[in-house]
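Have a look at the structure below before the remarks.
Number of protein chains: 2
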Amino acid sequence: MPYVMVHIPKPPSAASPVPRSVPTSADVARLAGVSRATVSYVLNNTSAVRISEPTRRRVHEAAKELGYVPHAAARSLRAGHSRMVLMPAPAIAMGPLYGQFINELQWALSRLDYTVVQYGTVGLRGDEAARAWAELRPVAVLVPDAELGPEGVAVLKRAGARGVVTFGPERVEGAHALLMDHDAVGHCAGRHLYARGRRRIGVVVPAETGLETYSRPRLEGVRQALRGTDARVTGVPLAYTEQSAAELAARWPELGIDAVFAYNDEYAMLLMRALQDAGVRIPEDTAVLGADDLMLGRLLRPRLSTIHIDLPSGRELAELVDRVVRDPGAEPETHRVLGASVVQRESS
Amino acid sequence: MPYVMVHIPKPPSAASPVPRSVPTSADVARLAGVSRATVSYVLNNTSAVRISEPTRRRVHEAAKELGYVPHAAARSLRAGHSRMVLMPAPAIAMGPLYGQFINELQWALSRLDYTVVQYGTVGLRGDEAARAWAELRPVAVLVPDAELGPEGVAVLKRAGARGVVTFGPERVEGAHALLMDHDAVGHCAGRHLYARGRRRIGVVVPAETGLETYSRPRLEGVRQALRGTDARVTGVPLAYTEQSAAELAARWPELGIDAVFAYNDEYAMLLMRALQDAGVRIPEDTAVLGADDLMLGRLLRPRLSTIHIDLPSGRELAELVDRVVRDPGAEPETHRVLGASVVQRESS
DNA sequence: TTGAAAGCGTTACCAC
DNA sequence: GTGGTAACGCTTTCAA
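Chains A and B are the protein sequences, given in the same order. Residue numbers for the first sequence follow the UniProt record's numbering, so the first one is 1 and each next one is one higher. Residue numbers for the second sequence follow the UniProt record's numbering, so the first one is 1 and each next one is one higher.
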């Protein structure tokens with residue numbers, strides 16, 4: 001992005017305030033004429049101790065006047081634990097499905113009084129990343145299985161994490177697992193295309209790195225669904241560019257494929273357009289099937305068939321995390337959470 | 001999402017390890033037979049002090065054996081500051097453009113040795129949110145201007161934030177600003193449609209809440225571009241559903257609109273399809289213009305014209321943050337960072 | 001009802 | 001070169 005920042009002179013404004021140092025509870029105590037303990041009692045509404053109303057007011061006023069804000073690090077240091085649930089910020093934008101999932105989850109965890117923090121880990125691999133997360137002493141960690149090994153789980157637990165929950169296609173030793181076996185997506189796709197009479201089935205494998213975790217099991221799922229039948233399955237690499245799609249479409253006749261499961265709706269839209277431009281009729285010559293059930297697929301002509309993916313609700317997941325935190329000794333559980341179903345429209 | 005988690009019994013695994021307490025540097029010192037200070041020197045590679053090689057080795061081995069991980073809260077408490085840059089996790093999934101922007105930014109800030117944390121603030125409004133952020137004592141905060149008022153800026157600064165940078169269409173008193181005036185996007189769109197000979201111009205305003213911050217200035221920009229001309233500008237509400245689009249398309253003739261700027265490419269695709277289904281010819285009867293320059297727009301027929309939006313690179317932004325942190329006394333600066341240019345294809 | 005003091009895990013200063 | 005010690009900001013027990 002070659003865009004250059006243009007500096008605009010700041011309009012005259014109020015004089016910058018004197019850079020006071022950060023007010024502490026001691027400052028509040030001093031201003032209110034009470035002890036630090038009293039300040040703590042008042043601001044935390046400690047029920048075990050009864051503070052007179054005038055004192056409460058004085059403390060609150062002092063806190064407000066100073067703009068006092070408690071220091072989270074000091075607090076959790078003293079308490080010996082935090083309510084922080086850590087999850088890695090996704091390295092690649094993973095589409096609206098994942099985004100909504102995250103939002104729901106954050107909301108549900110907030111309701112349970114947890115604080116969700118997405119930690120950007122760039123360049124750190126495996127155990128390095130686990131160590132960086134452990135430094136924050138989160139009470140729970142929610143992480144794609146691809147980013148954490150068994151040693152990573154151990155590091156986090158030793159650092160006091162009461163819950164480690166992974167999600168993705170595989171289990172990780174020692175952690176609770178939300179098993180999203182994308183095999184099921186592929187399996188569903190394979191069965192559908194076979195049922196529609198297709199026998200030479202292509203499966204798009206994105207060329208972009210970072211997606212193998214999902215694309216490989218999806219391909220495997222198709223293979224598995226068609227094992228023992230007369231159908232043939234072919235992996236088809238495709239980058240998310242018009243050029244790549246055009247090149248693939250040009251080779252289409254020689255591939256001899258009569259149906260393609262295109263990883264997701266976006267790749268499906270890209271490929272479908274390229275095939276149409278190359279004169280391939282859809283679905284007569286080749287059926288096209290996407291995944292994710294995006295709204296946009298419905299707008300194409302022919303309308304895009306897709307695999308609808310059911311993710312667990314944020315509320316369920318939050319409750320799982322909470323349960324794990326409350327009973328850290330429990331055996332790691334494995335939950336199968338990914339539902340897949342065909343939405344047949346016109347492209348298959 | 002009605003999907004129900006299926007519990008799968010855990011396979012037999014290694015006995016769960018004894019729940020030791022979290023190892024501290026004191027434990028490492030004890031095991032290595034040195035003092036806590038020495039441990040600190042060794043693990044932090046303090047250059048001011050020279051430690052014998054055998055001692056170093058003993059410390060490293062002890063740390064490894066115990067699985068010692070330093071406690072970030074304790075460290076920053078002692079240090080009096082952190083390297084944490086805080087940004088709110090977006091409440092609504094904001095498309096691939098924003099996602100890539102965030103990723104680039106995280107990467108660039110990591111290069112400068114900052115730690116990026118996305119803090120999920122659900123339900124907290126304005127100053128409440130600012131206070132929650134302030135508790136973490138971040139060294140810098142990067143936040144959409146819509147989520148922070150001047151008082152919020154003051155709270156954060158009093159809590160020790162050396163840099164507060166807002167981005168979005170408006171400035172916030174006391175903070176550095178990345179002025180993304182979406183007026184420019186609308187302006188660009190208005191000029192283009194006018195130049196194409198259109199005179200009765202509709203501007204889609206998403207019905208979804210949370211987007212007003214962007215949709216309002218875009219509409220204003222179109223108005224502004226066409227002020228004093230013979231063109232007429234009409235705001236057109238549209239929800240992101242097929243039904244809403246169909247209803248709008250049915251009313252299209254009575255609206256008497258010959259060109260529409262559709263907020264972004266996704267709304268444009270939705271509307272364009274509905275118009276086509278209703279028999280409106282594009283671009284002959286009505287021109288359609290999107291924004292964001294998504295790949296998918298190129299796949300439509302007619303190909304979707306769009307406004308390409310140039311965001312600042314993550315590197316530039318990271319450098320701005322770094323500069324602000326290093327010189328917190330500087331006057332707040334305002335940078336104009338949003339470039340808009342027409343990409344004309346076939347729909348306009 | 002309030003105050004004094006200990007301690008959470010680290011690091012930096014100053015003696016040894 | 002290495003080890004004690006104080007201090008960061010907060011909560012909580014105990015004593016007054």
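From the three backbone atoms N, C-alpha and C, an ideal C-beta is built for every residue, glycine too. This one's a predicted model, so the numbers in the text were calculated from it and none came from an experiment.
At what residues does the beta strand (DSSP E) containing residue i begin and finish?
| i | result |
| --- | --- |
| L299/A | Careful: L299/A lies outside any beta strand (DSSP E) and carries neither H nor E. |
| T24/B | Neither: T24/B is in no beta strand (DSSP E) and is coded neither H nor E. |
| H176/B | H176 to L179 |
| Y119/B | T115 to Y119 |
Do you know how far the Cα of residue j is from the Cα of residue i?
| i | j | result |
| --- | --- | --- |
| P17/B | A330/A | The predicted model places P17/B with a pLDDT of 44, which falls under 50 and marks its position as unreliable, so this point remains unresolved. |
| N45/B | R78/A | 27 Å |
| A274/B | V185/A | 30 Å |
| A246/A | L271/B | 27 Å |
| E104/A | Y214/B | 23 Å |
| A48/B | L66/B | 27 Å |
| F167/B | D145/B | 6 Å |
| E173/B | L148/A | 43 Å |
| R301/B | V288/B | 12 Å |
| I257/B | E151/B | 44 Å |
| W133/B | S82/B | 13 Å |
| D310/A | G339/A | 5 Å |
| Q106/B | E212/B | 27 Å |
| A140/B | S52/B | 38 Å |
| residue 375/A | E316/A | Here chain A comprises residues numbered 1 to 348, so residue 375/A is not present and cannot be evaluated. |
| V28/A | V122/B | 29 Å |
| T24/B | L248/A | 57 Å |
| R75/A | A74/B | 10 Å |
| A63/B | V22/B | 12 Å |
| R227/B | I307/B | 20 Å |
| M84/B | V153/A | 24 Å |
| P19/A | H60/A | Low confidence applies to P19/A: its pLDDT is 48, below 50, so where it sits in the model is not reliable, and the reading given next is rough at best. Straight-line Cα distance between these residues: approximately 23 Å. |
| P138/A | G80/A | 11 Å |
| P328/A | S313/A | 22 Å |
Just checking my contact of residue i with residue j at CB under 8 Å: how many whole Å lie between their CB atoms?
| i | j | result |
| --- | --- | --- |
| S305/A | S347/A | 5 Å |
| Y263/A | P206/A | 6 Å |
| A189/B | E208/B | That pair is no contact at about 20 Å. |
| A291/B | L112/B | About 31 Å; that fails the 8 Å criterion. |
| G202/A | V260/A | 4 Å |
| L296/B | D277/B | Contact doesn't hold; Cβ gap of about 18 Å is too wide. |
Along chain B, which residues have their Cβ under 9 Å away from the Cβ of residue i?
| i | result |
| --- | --- |
| N103/A | A89, P90, A91, I92, A93, G120 and V122 |
| R56/A | Within 9 Å Cβ-Cβ: nothing; R56/A doesn't reach chain B, min ~19 Å. |
Taking the Cβ atom as the reference point for each residue, do residue i and residue j lie within a distance shorter than 7 Å?
| i | j | result |
| --- | --- | --- |
| P321/A | R162/A | Before going on, a small fix: residue 321/A reads as Val here, not Pro. No, the Cβ-Cβ distance between V321/A and R162/A is not below 7 Å. |
| Q118/A | A89/B | yes |
| P70/A | E135/B | yes |
| V337/A | L97/A | no |
| V222/A | V236/A | no |
| A130/B | V155/B | yes |
| R58/B | A32/B | yes |
| A159/A | P332/A | no |
| H187/B | P169/B | no |
| T334/B | R171/B | yes |
| E231/B | Y267/B | The amino acid at residue 231/B is misidentified as Glu; the sequence shows Ala. No, the Cβ-Cβ distance between A231/B and Y267/B is not below 7 Å. |
| M87/B | L299/A | no |
So with CB distances below 7 Å, who are the chain B contacts of residue i?
| i | result |
| --- | --- |
| M269/A | L296 and L299 |
| W107/A | V122 |
Strictly below 8 Å CB to CB, what residues from chain A border residue i?
| i | result |
| --- | --- |
| S35/B | Result: empty, since nearest Cβ-Cβ is about 21 Å, beyond 8 Å. |
| A134/B | V69 |
Which first and last residues belong to the alpha helix (DSSP H) in which residue i is found?
| i | result |
| --- | --- |
| G197/A | Run containing G197/A: none; DSSP gives neither H nor E here. |
| residue 363/A | No information on residue 363/A is available, as it lies outside the stretch 1 to 348 that chain A covers here. |
| T55/B | E53 to L66 |
| A245/A | E242 to A250 |
| A37/B | R36 to L43 |
| A274/A | D265 to D277 |
| R223/B | E212 to L226 |
Can you tell me whether residue i sits near the ligand ATP, meaning its C-beta is under 6 Å from at least one heavy atom of the ligand?
| i | result |
| --- | --- |
| V325/B | You won't find the ligand ATP in this model; it holds no ligand whatsoever. |
Run through chain B and tell me which residues come within less than 8 Å of residue i, C-beta to C-beta.
| i | result |
| --- | --- |
| V117/A | V117, Q118, Y119 and G120 |
| L289/A | By Cβ distance, chain B contributes nothing, its closest Cβ being about 17 Å from L289/A, past 8 Å. |
| R131/A | V69 |
| R273/A | L299 |
Please compile the residues from chain A whose C-beta is within a distance smaller than 9 Å of the C-beta of residue i.
| i | result |
| --- | --- |
| E242/B | M295, R298 and L299 |
Please compile the residues from chain A whose C-beta is within a distance smaller than 7 Å of the C-beta of residue i.
| i | result |
| --- | --- |
| L77/B | A73, A74 and L77 |
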